[in-house]
Amino acid sequence: MTKTWDAIIVGGGAAGLFCAGVAGQLGKKVLVLDHAQVLGEKIRISGGGRCNFTNLHSGSANFLSLNQHFVKSALARYPASEFIKLVTSHGIDYHEKHQGQLFCDDSAKQIIEMLFSECTKGKVTIRHPVSVASIMRDDSDWAVHANTGVEKSKAVIMATGGLPVPAIGATAYSLDIAKQFGLTVIDPRPALVPLSFTANTFGNLNDLAGLSVPVRIAAGSKGHRYGACRFIEDLLLTHKGLSGPAVLQASSYWEEGEPIHIDWLGAIERPGGFNCDELFNNEENRLKLTETILASVLPQRLAKVFAEQKNLMGRKWAEVSKKDRQALKELITNWSVKPAGTLGWKKAEVMVGGVDTKELDGQTMMSRKHPGLFFIGECVDVTGHLGGHNFQWAWASGFACAQAL
Ligand SMILES: Cc1cc2nc3c(=O)[nH]c(=O)nc-3n(C[C@H](O)[C@H](O)[C@H](O)COP(=O)(O)OP(=O)(O)OC[C@H]3O[C@@H](n4cnc5c(N)ncnc54)[C@H](O)[C@@H]3O)c2cc1C
């Protein structure tokens, strides 16, 4: 038995390391335990190696949770602007890419180094690789049994993240601990993940692998776990199915057996929006071929595939019946397709589900039933949209917890 800590954090990833640094600098004695050989691996591989570390517009509308209000308090107390101040104070250069997404100019490793440096400032003790065998309530303290011995603490913070990318050490340990203490866990599933399709869904759309098209995409519905969504983003056709930001966003809302809806013209920007009828009823198009008309608003390869699908290749527009025009319009503006599944935990960026927010105090992230037991980061039923919101949640939930220790 060693000394008694103020807090033991299980999981030294984004949320765990950040929380440790803040708590340590508030004067708390903090121990971080992680089973990985190398810490911060998810940060290292994030944002294509440049870490999309926050989003200027991060707010509750950017999160999926059974309780959409849960994130509000933590985000208000530690908004993106605070993390940007920290990044700036460490001399890390960054840039905005798209819709408020902030990336390091150089490397995600700078964020990892920054988190370690903040931990050093807070005199945090970090031990890894350490295997945690069990966590028990022990009178007024908590006892964490690890292969390195038993550690006692006033608080235990579960920060082992989500299930994506098992190859770099993802586990369900925080969810297991939540269940051990009788907390409700919302069934986890892969999110921000490419969708797969059966071979015959596309027909010759398989020829389109590699094509990226801006679209309007919709998934989910009012009765679903996280409701419905609509995004305007780029869709990427791949050999395995659909990917790209549009599909990753939609995948978080998608439920098995349900279709997703794609408007291939919905991302065209025009004052007052794009109206397909304008294109189809334009007298000047009468003598043009169907695929030529479609190619004026869609990539040529895609235009050809749509014309082929409706047997309209090589047909002059004047010869296309009203019924066929309507069917073509439906195909292009409301392409409804049922994915066979997702590419799973290996390819997912995050998980939806996790420790039910109704079990936690939104000001502190502490269990309502078990004072001293906290859950932060991705293990909570809070999942951000693509674009830096997931790290913003890791920082904000870690900060809220650190303040409460
Ligand atoms: C490929 C990829 C790219 C991403 N890009 C971005 C991005 O650009 N922007 C963004 O906002 N989000 C991104 N994310 C999501 C983001 O990485 C996570 O949401 C975030 O890391 C969650 O932080 P966390 O601290 O909760 O979990 P993690 O950062 O995953 O940390 C969990 C830690 O717990 C440890 N651990 C796990 N199980 C145990 C156990 N049983 N015992 C002890 N330790 C354990 C792990 O080793 C790890 O160190 C990306 C994810 C992936 C997979």
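Its first residue numbered -6, the sequence shown is counted upward by one per residue in our numbering.
Glycine included, every Cβ here is placed at the ideal spot set by N, Cα and C.
Residue state for ASP169 is assigned as helix, using DSSP reduced to three classes. GLU106 has its CB no nearer than 6 Å to any heavy atom of ligand 1. Under the 10 Å beta carbon count, SER289 is surrounded by fewer than 16 other beta carbons and is classified as exposed.
In the DSSP assignment, THR335 is bridged to LEU188. For ALA73 and LEU272, the gap between their C-alpha atoms comes out near 43 Å. For THR376, the beta-bridge partners assigned by DSSP are LEU57. The Cβ atoms of GLY14 and GLY115 sit closer than 7 Å to each other. Ligand 1 never approaches PHE368 closely enough for any of its heavy atoms to be under 6 Å from the residue's Cβ.
For the pair LEU230 and ALA202, the CB atoms are nearer than the 7 Å cut-off. Restricting attention to MET306, ALA29, SER66, GLY220, the CA atom closest to the CA of THR357 is found in SER66. Rounded to whole angstroms, ALA139 and ILE2 show a C-alpha spacing of 13 Å. Per DSSP, reduced to three states, the secondary structure at ALA126 is strand. For PRO238, the enclosing alpha helix (DSSP H) begins and ends at 237 to 246. In the assembly as shown, ASN383 is a buried residue. Its beta-carbon has 16 or more other beta-carbons within 10 Å.
Restricting attention to GLU371, GLY370, VAL348, the CA atom closest to the CA of SER360 is found in VAL348. Annotation for HIS254: the continuous beta strand (DSSP E) segment containing it runs 253 to 256. The segment 126 to 143 makes no contact with the segment 38 to 58, as fewer than three CB pairs between them are under 8 Å. With a contact defined as Cβ atoms closer than 8 Å, TYR166 and THR153 qualify at about 4 Å.
For GLN319, the enclosing alpha helix (DSSP H) starts and ends at 315 to 326.
The Cβ neighbour count for GLY259, taken over all protein chains shown within 10 Å, is at least 16; the residue is labelled buried. Rounded to the nearest whole angstrom, the C-alpha separation of VAL208 and ASP227 is 6 Å.
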